[in-house]
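Please read the structure below before turning to the comments.
Protein chains in written order, with our numbering: chain C, 1 to 512; chain L, 1 to 505.
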């Protein structure tokens, strides 16, 4: 009984079960209250997650708010546990999730005009799945949440999406599923080999699927380690998406409704890079180090290729979608460069990208609601009629291209500086991505906001209202906060990332 | 040779009560047919009687399973109690009782579906036959599972099959139904011949057709070679047919599509459960050369089912192909049992197979239950086109069907995930990495066609007319229970896992 109370009322339990409970409550509420109810639930979840920011202060290490209870046992000799907790790696991403979800729900009534209750239901399930994925410290629990998350997004894209929504939804689902099933195979193998039995049948080491415990054990033999590493990395690379596994992303992003795009770009893509840090580096350190240059190479291709594709787009949403490929390429670069600074920059850039790209998708959605077009050529000079909109679009764009003073600068700069320490050539090529980013982003802004106001339809555009400003102001505040004073963010992740980096470095040194 | 003595004791009567209930019930229901009474009254009387008897048999078996399980845990040193009855022709232990529960549960579910499903004009006057056969089918399944020697198993197999042949063709005015029944019968007769001939060869080679209890089969592996080995291989082949496994899976889509939907539900779960439990019982006899082929058979079955299902537009036909694929997943589990080197080693594989059977039965019965509910309003078959926009018209039916399909696809936190997880982890444990890897990828393929149904229900606008029955009526009860089971076992897997680990199979 006490166990169940710990599970339900510990911090991780509240974060996962409150949205689920809200989803169940929603089914009983009258449909017209759906949005208000959902805003209340997601804001409550955010309120419950804020103490973690203070509880896990700068310089904190280890896992806080831990819940560790048995789930089911006697399965491949391991015990599967409800093991959840918050550490420096997951803290910021959890806060990002609880922060973005209410904003998305507040913005949603602008573009969700059918089946509102269903939409709210899936948003709440989605939030529970995302938080569970970041909180889980047990491989199977992680996998369950990871898969669970696919279903809500599939419905979000498939029901409320654009004209090719069904194709996009199915493609997204199957792509991700194929990757995650390979990961499941690797998880099963990990569980199996973690039990060590001596020659006369005595138990040398009890099997486990607890991530932190596996991360403190000596790594596996080389060949299985490489295979498991590849399975995990492939699954994460699809999610990130890393070139050449990115083809599902433009489809999903373009067809998804604004809220789906924000969640997808803001949180879901980070799960791939989060998984690389949480699992690939500590569990398969030797394979991680050996493959690092190759994967950094793919990251670089993603940076440049994504930027070039974004440059060529005529559609604002597609442009932002392709820019995500480029930005996530930086994150992958930072993670696999494996210096402390590049890791910190990578993790910070995950948060940054969630904020700036989330804001960009919201802004594109707002203009689409007004004009029902997203073609860049259809706009021009709208800064004259929508000054407030123009301000926010400029802020988000500058954050995305990494202007000093915005969060994007801190992240990209740290990644490039950290990478330069060990791999100068990679850093130099990566830096071209920053230039290209400025090029396509600024040209988009120039063509949309400035120039002559020559289209008749644009003259009538309303500026954004208070609800929309209410959504964008918190994002802008955070963009500047991280840009000007990032040390509270960096301090909270420092110890955890240092530990991950030390493990890989030590094991490599020991092997040679 | 001693002369055979036949006795019938009070113990036999008490312990064999479910069998006796079903057999007497079948006779009674047939008897109603000749009594002069009003048509509607007769229909409801035979239907409710069948339902009540199946429920009684199910509950009695459930209580016994619990009691025997309790005994097993109180006296662990006995390593499982086995009760023999009917002159040691029929035995009961917890694992077999669990098999009975699956078969009886499937028949009970079918009875619930049948009451509102059968139509007065089309099926009028023949309900007696229907319900009598519905009572006989689980009787056959139970004999098949619990037979102490292969002759009793064969008897059970035939009772089960003959009931189903007739039930498949029950709507004799529909050409598809008759074709299905005939096809099933002709091919099934071959399987029966294989089984009986295999039994004969086994007897010729080994001098016995007793099925040794499972524990003994694995502690002391029986030497089955030469002519006896050929016999065992033939028995195995017959079971491949009954469980619709490659290369004997071809009949399945036609038969499942042609049969009345409640019967499809029964066939796809009850028969499969009985066939797989029997396959597990004879697994120790199957010669080594045949066992080498099992992984290949599993892969081919999964591929045939999953790739076949992709192109289907009729839901029942799609579920038939998906049933083939699921038989393939279960065969992956059977393969792990056969690869086991000792009793505890194989026991884990048996647990995986049993759990998969239970989970699959829940999901598939639920899915076909929803199909039966939708079909009831109209004569037309349930097709993808027909399901367009179902979510806006009948949100309940759409949500349930989506849940069952996701469970069949193995998405957590549904029970289907638990089944797949166990079967494939066993394959990993026995070092069948390629088999498990291919199986996982093929199950990703399966999501394509399950999702297609969801796409039609949720993401396409509704058509002009509403062809579907508005209310589930009596069907809501078993469908709702299955849905609860799918979610419960998915979220709290330890219920099934712990129970089956300590079941002392």
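Cβ atoms here follow ideal geometry from the backbone N, Cα and C, with glycine treated the same way.
Here the structure is a predicted model, which is why all the values come from computation and not from measurement.
- Put simply, the backbone Cα of residue 372/L is about 38 Å away from that of residue 434/L.
- Here DSSP, grouped into helix, strand and coil, assigns residue 64/L to helix.
- Against chain C, a Cβ distance below 8 Å from residue 425/L picks out 75, 76, 188, 191 and 192.
- Nearest to residue 358/C by C-alpha distance, out of 63/C, 2/C and 100/C, is 100/C.
- By the neighbour-count criterion, in which 16 or more other beta carbons inside 10 Å mark a residue as buried, residue 206/C falls on the exposed side.
- The beta carbon of residue 26/L sits closer than 6 Å to those of 132, 135 and 136, all from its chain and outside the five residues before and after it, given in chain order.
- Scanning the stretch 434-480 of chain L for uninterrupted alpha helix (DSSP H) segments of 4 residues or longer gives nothing; none is fully contained.
- Contacts with chain C at 8 Å (Cβ-Cβ) do not include residue 17/L.
- For residue 362/L, the nearest beta carbon of chain C is not closer than 8 Å to its own beta carbon.
- A direct Cα-Cα distance of roughly 11 Å separates residue 488/L from residue 418/L.
- Identification of residues in the stretch 438-460 of chain L having a C-beta nearer than 9 Å to some C-beta of chain C yields 440, 441, 443, 444, 445, 447, 448, 451, 452, 454, 455, 458, 459 and 460, given in sequence order.
- The C-alpha of residue 39/C lies about 18 Å from the C-alpha of residue 261/C.
- Inter-segment contact for the stretch 246-266 of chain L and the stretch 305-321 of chain L is present: three or more beta-carbon pairs are separated by less than 8 Å.
- The DSSP-derived three-state label of residue 3/C is helix.
- Residue 70/C and residue 186/C have their alpha carbons spaced roughly 22 Å apart.
- Look at residue 429/L: its C-beta is under 8 Å from a C-beta on chain C.
- Counted as a single uninterrupted DSSP element, the alpha helix (DSSP H) harbouring residue 327/C occupies residues 316-337.
- In chain order, 249, 250, 253 and 254 place their CB closer than 7 Å to the CB of residue 321/C, counting only its own chain and leaving out the 5 sequence neighbours on each side.
- For residue 335/C, not one C-beta of chain L is nearer than 8 Å to its own C-beta.
- Against chain C, the beta carbon of residue 310/L has no neighbour under 9 Å; the closest one sits roughly 12 Å away.
- Nearest C-alpha to residue 68/C among 211/C, 57/C and 335/C: 211/C.
- Against chain C, the beta carbon of residue 247/L has no neighbour under 9 Å; the closest one sits roughly 26 Å away.
- Rounded to whole angstroms, residue 332/C and residue 495/L show a C-alpha spacing of 41 Å.
- According to DSSP, residue pairing for residue 180/C in a beta bridge does not occur.
- DSSP, read as helix, strand or coil, puts residue 424/L in helix.
- Closest in C-alpha terms to residue 497/L, from the list 176/L, 359/L and 401/L, comes 359/L.
- Per DSSP, the unbroken beta strand (DSSP E) holding residue 90/L starts and ends at 90-92.
- Residue 411/L: not part of any alpha helix (DSSP H); DSSP gives it neither H nor E.
- Not flagged as an interface residue toward chain L: residue 300/C, since no C-beta distance is shorter than 8 Å.
- Residue nearest to residue 293/C within the set 138/C, 334/C, 241/C and 506/C is 334/C (criterion: CA-CA distance).
- Beta-bridge partners assigned by DSSP to residue 83/C: 68/C.
- In this structure, residue 453/L lies away from residue 500/L, with their beta-carbon atoms at least 8 Å apart.
- Using a Cβ distance threshold of 8 Å, residue 141/C and residue 26/C do not count as a contacting pair.
- The three-state secondary structure of residue 418/L, taken from DSSP, is helix.
- Contact annotation: in the stretch 24-56 of chain C, no residue has its CB less than 9 Å from a CB in chain L.
- For residue 406/L, the nearest CB of chain C lies under 8 Å from its own CB, placing it at the interface with that chain.
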